[in-house]
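full-length UniProt numbering puts the first residue of the sequence shown at 1, with every later residue one more than the last.
From the three backbone atoms N, C-alpha and C, an ideal C-beta is built for every residue, glycine too.
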Amino acid sequence: MTYRVCFVCTGNICRSPMAEHVFRRRVEEAGLGGLVEVDSAGTGGWHEGDGADPRAVTVLDENGYTSAHVARRFRSSWFSALDLVIALDEGHLRELRALARTPDEAARIRLLRSYDPAAGAGLDVPDPYYGDREDFEECLEMVEAASEGLLVAVRAELEERTP
1 MTYRVCFVCT
11 GNICRSPMAE
21 HVFRRRVEEA
31 GLGGLVEVDS
41 AGTGGWHEGD
51 GADPRAVTVL
61 DENGYTSAHV
71 ARRFRSSWFS
81 ALDLVIALDE
91 GHLRELRALA
101 RTPDEAARIR
111 LLRSYDPAAG
121 AGLDVPDPYY
131 GDREDFEECL
141 EMVEAASEGL
151 LVAVRAELEE
161 RTP
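Written as structure tokens, this is what we have:
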């Protein structure tokens, strides 16, 4: 049974695609590619059908990640097929919880930086969209740091499922 993770930000062109590509590589490097499916979406549909922001693509490519992407909007009907819905900031967390139809669906929503023990109290990944290249690089660093802890958590979930 495949374990499904979906990263969610605002427009699905900056933070969540970066998180998707970073985490997918972590999953593949861990040998879990056949067991974990990684995806992303946005809380809004403004960019549906668009590629990732060119600045996100550049930072991903320069750091050895894939970057092919088509933006889409998160739908509440997806909860039933997802094991984890990872919000990139508190605003996304609130919007996703409002979309959840049951307490079980709401329980699947987590903040990405909650998986980074060094994150401290500020768990938002700031939106780099209105910033410059350094903001995209900082976003990537935060995503990479949290992805390690997320991988540990997903691996533990997979082990619990194995009889």
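- Rounded to whole angstroms, the Cβ separation of E90 and D124 is 6 Å, and the two are in contact under 8 Å.
- Per DSSP, C6 is one residue of the beta strand (DSSP E) stretching across Y3 to C9.
- If you draw a straight line from the Cα of E159 to the Cα of E37, it comes to about 16 Å.
- Going by beta carbons, L84 and V22 fall outside the 9 Å limit.
- Judged by their CB atoms, V27 and H92 are not nearer to each other than the 9 Å cut-off.
- Contact between the region 37–57 and the region 65–83 is present: 3 or more CB-CB pairs across the two stretches fall below 8 Å.
- Under the three-state reduction of DSSP, L82 is assigned to coil, being neither helix nor strand.
- The criterion of a C-beta distance shorter than 9 Å is satisfied by A146 and L112.
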